[in-house]
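> A single structure is presented below for examination.
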Amino acid sequence: MNAYAKQLAAFNNAIIDQDEDMLSLIKPTRLDMLSPAMRLAVYQKGYIERLIQATCSDYPTLQHYMGEDVFMQAVKAYVTATPSRVWDLNRYPFGFADGVKTMSADQSVHALALLESAIADVFWLPDSVPLDASHWAAISLEQLASTHFKLRTASRLLALDCSANAYMSAFREGNMVDMTDNPEYLCVVRHRNEVRRLVLDVAEYHLLSAIHEGLMFNEALEKTASLPGVDVEQLVIQLPQYLSRWFGEGVFR
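Residue numbers (this note's numbering): 36 to 288.
Quick look at the structure:
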């Protein structure tokens, strides 16, 4: 690394880590209109402001739920405690969902942060070719039982403790609903360049989770059927609808 590269690295670290040791290395300007501290602050403040903007852009529903002042306090606390260690600024805000858990005891805040983080994550994840819907029509029961299905690369399964998705849907439509403690289960998947939020029933969620763990379809079905609270008869009845929907919505690759 040459001297110039070392200077750039030191300057970059001073911006990210808010390091005041860099001040002694900054030469005064010809007219000395701005002190070294003021010149460094231009970059530091710009860096901080950009991280704040990036984080806010991923969590509009959470901002509405928490209120502007409380939300901004949480974002600024996250940015202060979390230097950027990724080259892609789009990925910086993803850690906010974990960070907000230490800032609020409200489970609804956690659920909304998790949901909006998953949506942003799925939006930026690499694409994968969906399994053709015609595969469902042609597959035999024997083939189905022994198949290892794989979820799309750009997908996430979520189990939320409250009605965060219903709250988000209403907010996006300009309506207001109360947050309830009714749990929600979702498959967030990007299909045809659109991030979709598929609302699942509890058995459907557990079945997809077991498939995502790498189990063959019949093994995943057996595991789901053995779980407390799962109505086995209803599971069997709903299975064709599950499969048709999953293939149609591009859940598998």
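The C-beta atom is built at its ideal place from N, Cα and C for all residues, glycine as well. Bear in mind that the values here come from a model prediction, so they are computed numbers and not experimental data.
Distance, Cα to Cα, R74 vs D162?
The sequence position of residue 74 within the sequence shown is 39, counting from 1. The sequence position of residue 162 within the sequence shown is 127, counting from 1. In a straight line, the C-alpha of R74 is about 42 Å away from that of D162.
> Taking the alpha-carbon of Y339 as reference, which of D52, I51, L60 has the nearest alpha-carbon?
Outside the modelled stretch of the chain, which goes from 36 to 288, sits residue 339, for which no answer is possible.
> Count the other CB atoms, across all protein chains shown, that sit within 10 Å of the CB of I50; report buried if there are 16 or more and exposed otherwise.
The residue you call residue 50 lines up with position 15 of the sequence shown. Buried, because 16 or more other Cβ atoms sit within 10 Å of the Cβ of I50.
> Considering just the uninterrupted stretch of the alpha helix (DSSP H) at L193, what are its terminal residues?
Within the sequence shown, residue 193 is the residue found at index 158, counting from 1. Run containing L193: none in the alpha helix (DSSP H); it sits in the beta strand (DSSP E), 190-195.
> Does the segment 75-82 come close enough to the segment 91-109 to have 3 or more Cβ pairs within less than 8 Å?
With a cut-off of 8 Å, the segment 91-109 and the segment 75-82 do not count as touching, because too few Cβ pairs lie within range.
> Return the residue from the list S261, A199, L221 that minimises the CA-CA distance to T215.
Indexing the sequence shown from 1 puts residue 215 at position 180. Per the Cα distances, A199.
> Under the criterion of a Cβ to heavy atom distance below 7 Å, does W171 qualify as lining the ligand ATP?
Looking at this structure, you won't find the ligand ATP or any other ligand, since it has none at all.
> Work out the CA separation of A72 and F158 for me, nearest whole Å.
By one-based count along the sequence shown, residue 158 stands at place 123. By one-based count along the sequence shown, residue 72 stands at place 37. Roughly 39 Å between the two C-alpha positions.
> Spatial neighbours of L278 within its chain, please: CB distance less than 7 Å, with the 5 preceding and 5 following residues excluded, ordered by chain position.
One-based indexing of the sequence shown puts residue 278 at position 243. W171.
> Can you give me the Cβ contacts of F184 inside the same chain, cut-off strictly under 7 Å, excluding the 5 residues immediately before and after it?
The sequence position of residue 184 within the sequence shown is 149, counting from 1. Correct list, in chain order: I246, F252, F287.
> Tell me which residue opens and which closes the beta strand (DSSP E) that R225 is part of.
As a first step, residue 225 must be located in the sequence shown, where it is residue number 190. From DSSP, the beta strand (DSSP E) with R225 extends over 219-226.
> So, are the CB atoms of V230 and E219 less than 8 Å apart?
Your numbering for residue 230 matches position 195 in the sequence shown. Your numbering for residue 219 matches position 184 in the sequence shown. No, they are not a contact pair.
> For F184, which three-state DSSP category applies?
Here residue 184 is taken as the residue at index 149 of the sequence shown, counted from 1. Three-state result, F184: coil.
> Which residue wins for smallest C-alpha separation from P275, given the options P263, K258, E239, E248?
Within the sequence shown, numbered from 1, the residue matching residue 275 stands at position 240. Of P263, K258, E239, E248, the residue nearest in Cα terms is E239.
> Assuming L75 is part of the alpha helix (DSSP H), what are its boundary residues?
Reading the sequence shown from its first residue, position 40 is the one you call residue 75. It spans 71-93 - the alpha helix (DSSP H) in which L75 sits, taken as one unbroken run.
> Using 8 Å as the Cβ pair cut-off and three pairs as the minimum, do the segment 134-149 and the segment 108-117 touch?
Flag = yes, the segment 134-149 and the segment 108-117 touch.
> Helix, strand or coil: which one does DSSP assign to V230?
In the sequence shown, the residue the question calls residue 230 occupies position 195. V230 falls in the strand class under three-state DSSP.
> Give me the Cα-Cα distance between D104 and Q88, rounded to the nearest whole angstrom.
Along the sequence shown, read from residue 1 onward, the residue named residue 104 stands at position 69. Along the sequence shown, read from residue 1 onward, the residue named residue 88 stands at position 53. Going by the C-alpha atoms only, they are around 15 Å apart.
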